Amino acid sequence: SQTIHQWPATLVQPVGSPLSLECTVEGTSNPNLYWYRQAAGRGLQLLFYSVGIGQISSEVPQNLSASRPQDRQFILSSKKLLLSDSGFYLCAWSVQGYQPQHFGDGTRLSIL
Amino acid sequence: GNSVTQMEGPVTLSEEAFLTINCTYTATGYPSLFWYVQYPGEGLQLLLKATKADDKGSNKGFEATYRKETTSFHLEKGSVQVSDSAVYFCALKDNYGQNFVFGPGTRLSVLP
Numbered sequence: 099s100q101t102i103h104q105w106p107a108t109l110v111q112p113v114g115s116p117l118s119l120e121c122t123v124e125g126t127s128n129p130n131l132y133w134y135r136q137a138a139g140r141g142l143q144l145l146f147y148s149v150g151i152g153q154i155s156s157e158v159p160q161n162l163s164a165s166r167p168q169d170r171q172f173i174l175s176s177k178k179l180l181l182s183d184s185g186f187y188l189c190a191w192s193v194q195g196y197q198p199q200h201f202g203d204g205t206r207l208s209i210l
Numbered sequence: 515g516n517s518v519t520q521m522e523g524p525v526t527l528s529e530e531a532f533l534t535i536n537c538t539y540t541a542t543g544y545p546s547l548f549w550y551v552q553y554p555g556e557g558l559q560l561l562l563k564a565t566k567a568d569d570k571g572s573n574k575g576f577e578a579t580y581r582k583e584t585t586s587f588h589l590e591k592g593s594v595q596v597s598d599s600a601v602y603f604c605a606l607k608d609n610y611g612q613n614f615v616f617g618p619g620t621r622l623s624v625l626p
């Protein structure tokens, strides 16, 4: 069966520090991968999605970036965090067609 | 473009009450429709899905019917429990792109 792992579960970082969140998927090949952000009490905002290694589409201009160095690995990064980057970050995967997305457990990021 | 509209709530019900959360959508073609549930501090879990008109998705006592004529996918449950307290997201995926579109989420609180 397929599983998705996302870590860390919680992270507290100072303003201006770098960020690296990692997401890996097991049990499937060539998945579509997604990064979402959920601000407190708000809906989901799609940040990035990827349909293959090295292929990244950005939905919202910001100081975050994403990379996909391997087929089942998706990384969310920042060189210098802002206070507004606080939130709950969710990784998800899906396959093509009418299939649903499957989400990781999320990373709660607090910027001080 | 594609969009999903749902009642934002919060919705507060007593245990054993009947639940309806409305969801309507705008999309080209024939999208797949989904309901996700997010319990506090967790990622999103797929609750149910429907991939074509008149399909009924069901799971854990929840149901939703894909109504193409009204472009709706309302979530219903006959008797809610305290453990159903969560945020519910309606979502769609069209068959032309790789992305999912989520509604803003509806917070449900069930009181004993």
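Listed in order, the protein sequences are those of chains H and D. Take this note's numbering: the last position of the first sequence gets the number 210, and nothing is skipped along the way. Take this note's numbering: the last position of the second sequence gets the number 626, and nothing is skipped along the way. All C-beta atoms in this analysis are idealised placements derived from N, C-alpha and C, irrespective of residue type, glycine included. From a predicted model like this one, the values you see are computed outputs, not experimental measurements.
Going by the CB atoms, is the gap between H/G141 and D/G555 shorter than 9 Å?
-> Locating residue 555 of chain D in the second sequence gives position 41, counting from the first residue. Locating residue 141 of chain H in the first sequence gives position 43, counting from the first residue. Result no, Cβ atoms of D/G555 and H/G141 do not sit closer than 9 Å.
What's the gap between the Cα of H/L119 and the Cα of D/E583?
-> The sequence position of residue 119 of chain H within the first sequence is 21, counting from 1. The sequence position of residue 583 of chain D within the second sequence is 69, counting from 1. Rounded to whole angstroms, H/L119 to D/E583 spans 42 Å at the Cα level.
In chain order, what residues of the same chain lie with their CB nearer than 6 Å to the CB of D/S593, ignoring the 5 residues before and after it?
-> Reading the second sequence from its first residue, position 79 is the one you call residue 593 of chain D. Correct list, in chain order: E530.
Between the stretch 173-181 of chain H and the stretch 157-165 of chain H, are three or more C-beta pairs nearer than 8 Å?
-> yes
Between H/V193, H/S184, H/D203 and H/K178, which lies nearest to H/S148 when the distance is taken from Cα to Cα?
-> Within the first sequence, numbered from 1, the residue matching residue 148 of chain H stands at position 50. Nearest of H/V193, H/S184, H/D203 and H/K178 to H/S148, Cα basis: H/V193.
Pair within 9 Å by beta-carbon distance, H/R206 and H/A107 | Locating residue 206 of chain H in the first sequence gives position 108, counting from the first residue. Locating residue 107 of chain H in the first sequence gives position 9, counting from the first residue. A contact, by the Cβ cut-off of 9 Å.
Grouping DSSP H, G and I as helix and E and B as strand, with all else coil, what is H/S175?
-> On the first sequence, residue 175 of chain H is found 77 positions in, with the first residue counted as 1. Correct three-state label for H/S175: strand.
Exposure of D/F548, with buried meaning 16 or more beta-carbon neighbours within 10 Å | Counting from one through the second sequence, the residue named residue 548 of chain D turns up at place 34. Burial call: buried.
Straight-line gap, H/G114 to H/S208 (C-alpha atoms, nearest Å) = On the first sequence, position 16 is the one that residue 114 of chain H refers to. On the first sequence, position 110 is the one that residue 208 of chain H refers to. Roughly 13 Å between the two C-alpha positions.
heavy atom of the ligand FMN below 8 Å from H/W105 C-beta = Because no ligand of any kind appears in the structure shown, any question about the ligand FMN cannot be addressed here.
Name, going along the chain, the residues of the stretch 558-588 of chain D whose beta-carbon falls closer than 8 Å to a beta-carbon of chain H.
-> L558, Q559, L560, K563 and T565
Starting from the beta carbon of D/N609, find every residue of chain H whose beta carbon is closer than 8 Å, and list them in chain order.
-> Counting from one through the second sequence, the residue named residue 609 of chain D turns up at place 95. Residues of chain H passing the Cβ test: G195 and Y196.
Please decide whether D/A605 counts as near chain H, where near means a Cβ-Cβ distance under 9 Å.
-> If you number the second sequence from 1, residue 605 of chain D lands on position 91. Yes, D/A605 counts as interfacial toward chain H.
Should D/D568 go down as buried or exposed, given a rule of 16 or more other Cβ atoms within 10 Å for buried?
-> Taking the second sequence and counting its residues from 1, the one referred to as residue 568 of chain D is at position 54. Per the 10 Å Cβ criterion, exposed.
Round the Cβ separation of D/S623 and D/P524 to the nearest angstrom and send it over; I've been treating them as touching at under 8 Å.
-> Counting from one through the second sequence, the residue named residue 623 of chain D turns up at place 109. Counting from one through the second sequence, the residue named residue 524 of chain D turns up at place 10. Going by Cβ atoms, the distance from D/S623 to D/P524 rounds to 6 Å, so yes, they are a contact pair.
Inspect the CB distances between the stretch 558-577 of chain D and the stretch 537-546 of chain D and report whether three or more fall short of 8 Å.
-> yes
For H/D211, return the contacting residues in chain D, with the cut-off set at a CB-CB distance below 8 Å.
-> With chain H covering only 99 through 210, there is no way to say anything about residue 211 of chain H.
Could you name the residues that DSSP lists as bridge partners for H/N130?
-> By 1-based counting over the first sequence, the position of residue 130 of chain H is 32. H/S192, per the DSSP bridge assignment.
What is the rounded straight-line gap between the Cα of H/K178 and the Cα of H/L210?
-> Your numbering for residue 178 of chain H matches position 80 in the first sequence. Your numbering for residue 210 of chain H matches position 112 in the first sequence. In a straight line, the C-alpha of H/K178 is about 13 Å away from that of H/L210.
Measure the Cβ-Cβ separation of D/Y553 and D/F616 and say whether it is below 9 Å.
-> Working through the second sequence from its first residue, we reach residue 553 of chain D at position 39. Working through the second sequence from its first residue, we reach residue 616 of chain D at position 102. In this structure, D/F616 does not lie closer than 9 Å to D/Y553 by Cβ.
Cα-Cα separation, H/C189 to H/E157 | One-based indexing of the first sequence puts residue 189 of chain H at position 91. One-based indexing of the first sequence puts residue 157 of chain H at position 59. Those two C-alpha atoms are separated by around 15 Å.
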